[in-house]
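S.K.:
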Amino acid sequence: MSSPRTFQIQEISAHPGTVPGQGTQRAVQVCKYIDVTTCIGCKACEVACVEWNDHPFRETTFDDTYQTMPSTQWNYWNLIKFAEDERDGNLMWLMRKDQCMHCEDPGCLRACPADGAIIKYENGIVDFQQENCIGCGYCISGCPFDIPKFNEKTKKVYKCTLCSDRVGQGLEPACIKACPTGCLHFGTKEDMVQIAGLRAKQLQEQSGFAAAGVYDPASIGGTHVIYVLHDINNPERYGLPKNPVIPPSYTYWKWIAKPTGLAMAVLGVAAVFLHRVFYGPKLPEPEAPETRTGPSDEIEAGRKETP
Amino acid sequence: MTNGWIDIKNTDMMLIMGGNPAENHPCGFKWPVEAKKTRNAKMIVVDPRFTRTAAVADLFLQIRAGTDIAFLGGLINHAIQNDRFAKDYLINYTNAAFIVKEGFKLPEDGLFSGFDGGAMTYEKSTWNYQEGGNVGPQSSGGQSGAAASSGRASSGTQAGSQPSTPPKGGEAMGGGHQAAGGPGASGQGGPKPPPMLPPNVAYDLSLQHPRSVFQLLKQQYSRYTPEMVERITGIPKDQFLKAADLFTSVRKNGDMKKAATIIYAVGWTQHTSGTQIIRTAAILQLILGNVGRAGGGVNALRGHSNIQGATDMGGVFDIFPGYLKIPQPSDTDLATFLKRTTPTPSKPAEWDSYNYWSNTPKFMVSFLKALYGDSAKKENDFNYHFLPKIDRKFSWTDMWDEMYAGKVKGLFAFGMNGVAIGPNSHKNIEALKKANWLVVCDIYPEETAEFWNSPGISKDDMKKINTTVYRLPGAGFAEKDGTFVNSARWLQWKYAAVPTAGNSKVDQEILARIFLKVRELYQDEGGKFPDPILNLSWAYTTPKNPALAEVAKEINGKALADLTDDTQPGITIKAGQQLPGFAWLRDDGTTACGNWLYSGSWTEAGPMMQRRGTDDPSGLGIYPNWAWSWPANRRVMYNRASCDPSGKPWDMERRQVWWNEAQQKWVGNDVPDFKADSKPADHMGPFIMNPEGVGRIFAPLAAFADGPFPEHYEPVESPIANPLHPQQSINPVAKKFKSDLDKLGTPDQGFNIVCTTYRLTEHYHYWTKNNPMNVQLVPEPFIEVPAQLADEMGITGGEKLKVTSARGIYIAKAMVTKRIKPMMIDGKKTYQIGIPIHWGYRGIAEDEGKTSKMTANQLSPAAIDPNAYTPEFKGFLVKIEKA
Chain A
1160 MSSPRTFQIQ EISAHPGTVP GQGTQRAVQV CKYIDVTTCI GCKACEVACV
1210 EWNDHPFRET TFDDTYQTMP STQWNYWNLI KFAEDERDGN LMWLMRKDQC
1260 MHCEDPGCLR ACPADGAIIK YENGIVDFQQ ENCIGCGYCI SGCPFDIPKF
1310 NEKTKKVYKC TLCSDRVGQG LEPACIKACP TGCLHFGTKE DMVQIAGLRA
1360 KQLQEQSGFA AAGVYDPASI GGTHVIYVLH DINNPERYGL PKNPVIPPSY
1410 TYWKWIAKPT GLAMAVLGVA AVFLHRVFYG PKLPEPEAPE TRTGPSDEIE
1460 AGRKETP
Chain B
7 MTNGWIDIKN TDMMLIMGGN PAENHPCGFK WPVEAKKTRN AKMIVVDPRF
57 TRTAAVADLF LQIRAGTDIA FLGGLINHAI QNDRFAKDYL INYTNAAFIV
107 KEGFKLPEDG LFSGFDGGAM TYEKSTWNYQ EGGNVGPQSS GGQSGAAASS
157 GRASSGTQAG SQPSTPPKGG EAMGGGHQAA GGPGASGQGG PKPPPMLPPN
207 VAYDLSLQHP RSVFQLLKQQ YSRYTPEMVE RITGIPKDQF LKAADLFTSV
257 RKNGDMKKAA TIIYAVGWTQ HTSGTQIIRT AAILQLILGN VGRAGGGVNA
307 LRGHSNIQGA TDMGGVFDIF PGYLKIPQPS DTDLATFLKR TTPTPSKPAE
357 WDSYNYWSNT PKFMVSFLKA LYGDSAKKEN DFNYHFLPKI DRKFSWTDMW
407 DEMYAGKVKG LFAFGMNGVA IGPNSHKNIE ALKKANWLVV CDIYPEETAE
457 FWNSPGISKD DMKKINTTVY RLPGAGFAEK DGTFVNSARW LQWKYAAVPT
507 AGNSKVDQEI LARIFLKVRE LYQDEGGKFP DPILNLSWAY TTPKNPALAE
557 VAKEINGKAL ADLTDDTQPG ITIKAGQQLP GFAWLRDDGT TACGNWLYSG
607 SWTEAGPMMQ RRGTDDPSGL GIYPNWAWSW PANRRVMYNR ASCDPSGKPW
657 DMERRQVWWN EAQQKWVGND VPDFKADSKP ADHMGPFIMN PEGVGRIFAP
707 LAAFADGPFP EHYEPVESPI ANPLHPQQSI NPVAKKFKSD LDKLGTPDQG
757 FNIVCTTYRL TEHYHYWTKN NPMNVQLVPE PFIEVPAQLA DEMGITGGEK
807 LKVTSARGIY IAKAMVTKRI KPMMIDGKKT YQIGIPIHWG YRGIAEDEGK
857 TSKMTANQLS PAAIDPNAYT PEFKGFLVKI EKA
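Going down the list, the protein sequences come from chains A and B.
For what it's worth, my numbering labels the leading residue of the first sequence as 1160, then goes sequentially.
For what it's worth, my numbering labels the leading residue of the second sequence as 7, then goes sequentially.
(1) Pick helix, strand or coil for B/Ser218, following the three-state DSSP scheme.
(2) Going along the chain, which residues of its own chain have a beta-carbon closer than 7 Å to the beta-carbon of B/His277, five neighbours each way excluded?
(3) How is B/Thr100 classed by DSSP in three states: helix, strand or coil?
(4) Say whether chain B places a C-beta atom closer than 7 Å to the C-beta of A/Arg1204.
(5) A/Ser1366 touches chain B at which residues, Cβ-Cβ below 7 Å?
(6) What separation, rounded to the nearest whole angstrom, lies between the Cα atoms of B/Pro143 and B/Val700?
(7) Are at least three pairs of beta-carbons, each pair with one atom in the segment 483 to 498 of chain B and one in the segment 459 to 472 of chain B, less than 8 Å apart?
(8) Taking 7 Å as the CB-CB limit, is A/Gly1200 close to chain B?
(9) Please work out which residues of its chain come closer than 6 Å, Cβ to Cβ, to A/His1344, disregarding the five sequence neighbours upstream and downstream, and give them in chain order.
(10) Measure the C-alpha to C-alpha separation of A/Ala1377 and A/Arg1396 and round it to an integer number of angstroms.
(11) Please go through the same chain and pick out, in chain order, the residues whose beta-carbon is closer than 8 Å to the beta-carbon of A/Pro1368, but skip the five residues on each side of it.
(12) Checking the sheet assignment: what are the DSSP bridge partners for B/Gln68?
(13) Would DSSP call B/Glu698 helix, strand or coil?
(14) List, from N- to C-terminal side, the alpha helix (DSSP H) runs of 4 residues or more that fit wholly inside the segment 1170 to 1227 of chain A.
(15) Name, in chain order, the residues that DSSP records as bridge partners for B/Ser635.
(16) Does any residue of chain A have a CB that is nearer than 7 Å to the CB of B/Cys649?
(17) Can you confirm whether the segment 758 to 769 of chain B touches the segment 292 to 303 of chain B when touching is taken to mean that 3 or more C-beta pairs between the two stretches lie within less than 8 Å?
(18) With 7 Å as the threshold, decide whether the Cβ of A/Trp1233 is near any Cβ in chain E.
(19) For B/Gly849, count the other beta carbons within 10 Å of its own beta carbon; 16 or more makes it buried, fewer makes it exposed. Which is it?
(20) As an exercise, report each continuous beta strand (DSSP E) stretch of at least 3 residues that is fully enclosed by the segment 1237 to 1271 of chain A, in chain order.
(21) Assign B/Val491 to one of three DSSP states: helix, strand, or coil.
(22) Please decide whether A/Glu1349 counts as near chain B, where near means a Cβ-Cβ distance under 7 Å.
(23) Identify, in the order they occur along the chain, each residue of the same chain with its Cβ nearer than 7 Å to the Cβ of B/Tyr772, setting aside the five sequence neighbours on each side.
(24) Give me whichever residues DSSP pairs with A/Asp1286 in a beta bridge.
(25) Measuring alpha carbon to alpha carbon, tell me which residue in A/Met1228, A/Tyr1280, A/Arg1246, A/Asn1234 is nearest A/Lys1240.
(26) Counting only the same chain and skipping the five closest in sequence on each side, list residues whose C-beta sits under 8 Å from that of B/Asp122.
(27) Let me know the secondary structure DSSP gives B/Met779 once reduced to three states.
(28) Can you tell which of B/Ala494, B/Leu527, B/Val512, B/Asp593 has the C-alpha that lies nearest to the C-alpha of B/Tyr501?
(29) Considering only residues of the same chain and omitting the five flanking positions on each side of B/Arg217, which have a CB-CB separation below 6 Å?
(30) Inspect the CB distances between the segment 57 to 73 of chain B and the segment 218 to 231 of chain B and report whether three or more fall short of 8 Å.
(31) By the criterion of Cβ-Cβ separation under 7 Å, what are the contact partners of A/Asp1131 in chain B?
(32) Quick one: what's got a C-beta closer than 6 Å to B/Phe588's C-beta in the same chain, skipping five residues either side?
(33) Can you look up B/Asn305 in the DSSP assignment and give me helix, strand or coil?
(34) Anything in the segment 773 to 804 of chain B with a Cβ closer than 7 Å to a Cβ of chain A? List those residues in chain order, please.
(35) Nearest to A/Gly1372 by alpha carbon, out of A/Gln1353, A/His1383, A/Leu1268?
(36) In chain B, which residues lie less than 7 Å from A/Pro1339 when you measure between Cβ atoms?
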């Protein structure tokens, strides 16, 4: 399931022709399972995500909520969303772990015009390759879950990788490892769908949540992050779209807009070539010095950064 | 915990109250979740706020802070009225059948019998059992045994039905231990001997005698009707009944298979009736037959990683390690002290009682040998006279009060932040101004070390403070090895992850170096009483920095001479060897042991506390080879009670221990918490630490300062007069301090909002405000305000609020929430607010000027529980306004 071989690329954004090596092997589909009914909003997953990905500490502000910040950020990929809700006159405090859903039909990838900036592996993980990112931000508008986030400084877009680096080494994603209650699991899509179904059934039969169900929206071919919800008929209560769709412009982009764009790109490259021929190369500007240069005990301080 | 964290997975029903484990014990909370997922266990959460624990509960009830006894008393009443209690268990394993002395009075008017209005204490001689034998209806039929008289066909056992020979030994005198009282209770002494428990208790197994404990219990809580519960707690009657029906459903139709657990934390202890709240829970669990059983028990969740260890090791002023009592001035020699503190059995003559505290002399002498080594000899009472004798209470709040009064001149503050902890932090700051010196050992600059820089102190004021503050460079938890004792009573060894930073030192090095210097001063200069210091055993390889492994071995104890035991033929413990357990302790000076409860944790076989065996043959989560659990590696205490009187498990699927007829002994998946060869027919009680051998529904004599049964009293600051007895609204023996800074507020003065304080998942006490990661998760202090109250006052979230109590003010931003609703308390609309405690005047947000630099405990009152001396941090009165 999680051997490096599962990282056979299945799809590449804006890539002409076929994907190298496609069809040479079959990989198991991976999936993250999130049971919101046993999530206690402890934020261990948030911290694990920041720590594993070596993200800087951010300054946050009090916002009349237990939620750490209003939405995920380019360097804060995992966020518990808190919502006060009512059901039959009883208060409910909904806590949902928000992160990339790793869609089977990824809107970001559909939207991306940069060759190789977004790839989807055979195991279902959708991963951004920042070295190929052109910072156009189309992926942001292509995502039905508002996940990819733009970094003004690097002019690139970032999001949860489903810890592809860990999964490739046979480990579970960092958030899963940190979860104290076991409301998070990681495994094959088949297994996760099965335990989610059993949990939903238990909630229906034992806990009085007749509408409990599994969120794995078919409108985008299912997701590689699935939720068990108390009420599957109203995913909006948890901040999830009922029927997530990729903006139509991006679904036929592949067939119409992309070739056009490609033609434009070819013209652009030609223009650059001509520019170079006539004006010579542009020298790289010197980069700003790294802030993290101090000895090890200063690293923590160096990690603090204003967003 | 009577049980343990993992054992919660075995439960069918959880009452989580006075605790918020999802937020404050998130890792342990996996087990309640496990019980829900694998057993369909139900979870009832009762709390002043809708917490993150409530978010995953099956049923949540919002209660007014400080009214837990009313709720739990209502549950007891419901169980009795609806015949949902464990009859065989109640009769055989509790004192329900015991007859209480004539003259004992229930507190219908708010006072038990014996109240002395002048001294504000109780004279407790009527809080006792009646002397005599079987007074039940069948008693005329001659000598009748336990279960025979119970008239319970359902029990179907022979247990106790044969009159057994009364156990041999000291029967002449009962219960000295219980007569002991707290320190200072019998302060002046006087010739009158304290009352004793009778050795031969009168009983009625039909439970019909009007002065039987059961009938008194029934009468006591018959007043706690659903209507009364609603008036006091604010929980609507229908919701209360729903919870009561659900919780007691484990004993529906006499079923004994199911088990329910009660889980609590400092939301119960931090009240002026805190100990009695826990008592009420214990009574409820006893009548439901849930104590001693897998998935049952009364389970305290400890709020610091080693607070259990601190308590076990005597980190309280009135106990020594292993819960041995500290001598009083009237204990003029060791024999007198041991006589007062060693209980003798008190029970029906036909029953047996192990009375394990009868071993007190062995524990105490071994402790003295560990303290004073070779200098402790039989001839000198093992240096008993070196021990301090306490003539009054030296509790946390008393200590600050005496410092404020100018009597306590200096303070060592290690591993805690006394100003932030409070209560009434302002008083603590004023007290420190009067001290001569203060030593603080911490890893961050904190409020106590910088009390002189607290808000409101001007530069001129500062010049008038003459307290010398010494700051010592302590080490963080990851820089130290040693043990943590968790809530489940496990001693778990941990290893240092990183070396200490800079010049910082581990605690034992700092303490050892101070001790050695003090000893040097005594050697050089003499002094009033140098002997205890000069004779203290300090036989460590590196005296200036003792290895904690050596200390752990010392605590476990060793033989000082070759030991043999008649009950264990063929075994000799050689002099110098580590003891296998506390059963080998001696009162003749041939053993040394730092804490009898921990004996067995580091034996000749090695450090049991370092074991990491992950085998769990029973599947009950016992993991007998993981670390080491006191006492004697038992994972569930009182586990004899998991069997019926005949020694057969109530539930075979969750069987822990049982009587093996062939081997004639108790065996099981867990270590039997019982005399291994005591036959069921002998009817020895499962609660071996009580002189009665049975669980106490009625707690006699000096066991508690404020009554043998719990009674609901209002917090010292309350929005209403106690509906049960308005003329005696609060706990009559709760201690309130009398200094000019110890003011209490009333609703008439405008203090009409109930305030409670608590912790958040994202922070740890007053410490993580220095860590950027935690600060990122919750950046600054806030006050949780009910949405309706905010609407009435025109407050929006994020606006600054000023909270005022009679003692101080606190300013922070408002978090407007639906999670706290207005309540109807005795017909009066009442609001509650909540304040997380984590901030002060040093920290990231504080230093950046983002907070008002105040501590939440400037609001809380120094009024304390008379048994545990815990302050009432929860449920005091405030008023709020826009800042």
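C-beta atoms are modelled at their ideal positions from N, C-alpha and C, and glycine is treated no differently.
M.R.: According to the data block:
(1) Working through the second sequence from its first residue, we reach residue 218 of chain B at position 212. Residue state, collapsed to three classes: strand.
(2) As a position in the second sequence, residue 277 of chain B is number 271, starting the count at 1. So the list reads Gly72, Ile283, Pro721, Asp871, Glu878, Lys880, Gly881, once near-sequence residues are dropped.
(3) Counted from its first residue, the second sequence places residue 100 of chain B at position 94. It is a strand residue.
(4) Counting from 1 along the first sequence, the entry for residue 1204 of chain A is found at position 45. In the sequence as displayed, the identity of residue 1204 of chain A is Cys instead of Arg. No, its Cβ sits nowhere closer than 7 Å to a Cβ of chain B.
(5) The residue you call residue 1366 of chain A lines up with position 207 of the first sequence. In chain order: Asp64.
(6) Taking the second sequence and counting its residues from 1, one reaches residue 143 of chain B at position 137. Taking the second sequence and counting its residues from 1, one reaches residue 700 of chain B at position 694. Answer to the nearest angstrom: the Cα atoms are 22 Å apart.
(7) no
(8) Within the first sequence, the letter at position 41 stands for residue 1200 of chain A. So, interface residue.
(9) The residue given as residue 1344 of chain A occupies position 185 in the first sequence. Once the five neighbours on either side are set aside, the close Cβ partners of A/His1344 are Tyr1192.
(10) The residue you call residue 1377 of chain A lines up with position 218 of the first sequence. The residue you call residue 1396 of chain A lines up with position 237 of the first sequence. Cα-Cα distance, rounded: 19 Å.
(11) For the purposes of this step, residue 1368 of chain A is identified with residue 209 of the first sequence, where counting begins at 1. Sequence inspection shows Phe at residue 1368 of chain A; the Pro mentioned does not correspond to that position. For A/Phe1368, where only same-chain residues beyond five positions count, the Cβ hits under 8 Å are Thr1196, Leu1362, His1389, Asp1390.
(12) Here residue 68 of chain B refers to the residue found at position 62 when the second sequence is read from its first residue. DSSP, once it has assigned bridges, lists B/Asp53 as partnering B/Gln68.
(13) In the second sequence, the residue the question calls residue 698 of chain B occupies position 692. Three-state result, B/Glu698: coil.
(14) 1203 to 1211
(15) Against the second sequence, residue 635 of chain B aligns to sequence position 629. Answer is B/Trp496, bridged to B/Ser635.
(16) Position 643 of the second sequence, counted from the start, is the residue given in the question as residue 649 of chain B. Not one chain A Cβ lies under 7 Å of B/Cys649.
(17) no
(18) You won't find chain E in this structure, because its protein chains are A and B.
(19) Counting from one through the second sequence, the residue named residue 849 of chain B turns up at place 843. Under this definition B/Gly849 is a buried residue.
(20) 1238 to 1246, 1249 to 1257
(21) Start at 1 with the first residue of the second sequence, and residue 491 of chain B comes out as number 485. Reduced to three states, the DSSP call for B/Val491 is strand.
(22) In the first sequence, counting from the first residue as 1, residue 1349 of chain A sits at position 190. Judged by the 7 Å Cβ criterion, A/Glu1349 is not in contact with chain B.
(23) Counting from 1 along the second sequence, the entry for residue 772 of chain B is found at position 766. Correct list, in chain order: Asn423, Ala426, Glu452, Glu453, His844, Gly846.
(24) Taking the first residue of the first sequence as position 1, residue 1286 of chain A is located at position 127. In the DSSP output, where bridge partners are listed per residue, A/Asp1286 has A/Ile1278.
(25) Mapped onto the first sequence, residue 1240 of chain A falls at position 81. Answer by Cα proximity: A/Met1228.
(26) Reading the second sequence from its first residue, position 116 is the one you call residue 122 of chain B. Cβ within range, chain order: Tyr128, Glu129.
(27) Taking the second sequence and counting its residues from 1, the one referred to as residue 779 of chain B is at position 773. It is helical.
(28) Counted from its first residue, the second sequence places residue 501 of chain B at position 495. Of the candidates B/Ala494, B/Leu527, B/Val512, B/Asp593, the one whose C-alpha sits nearest the C-alpha of B/Tyr501 is B/Val512.
(29) Translated into the one-based positions of the second sequence, residue 217 of chain B becomes position 211. Here the set comprises Ile105, Val106.
(30) no
(31) The displayed coordinates of chain A run from 1160 to 1466. Any statement about residue 1131 of chain A would go beyond what the structure contains.
(32) Counting from one through the second sequence, the residue named residue 588 of chain B turns up at place 582. Contacts found: Trp602, Ser605.
(33) Position 299 of the second sequence holds residue 305 of chain B. Here B/Asn305 sits in strand by DSSP.
(34) Pro778, Met779, Gln782, Leu783, Pro785, Glu786, Phe788, Gly803, Gly804
(35) Position 213 of the first sequence holds residue 1372 of chain A. Closest option to A/Gly1372, Cα to Cα, is A/Gln1353.
(36) One-based indexing of the first sequence puts residue 1339 of chain A at position 180. Within chain B, the residues near A/Pro1339 are Pro32, Cys33, Phe35, Lys36.
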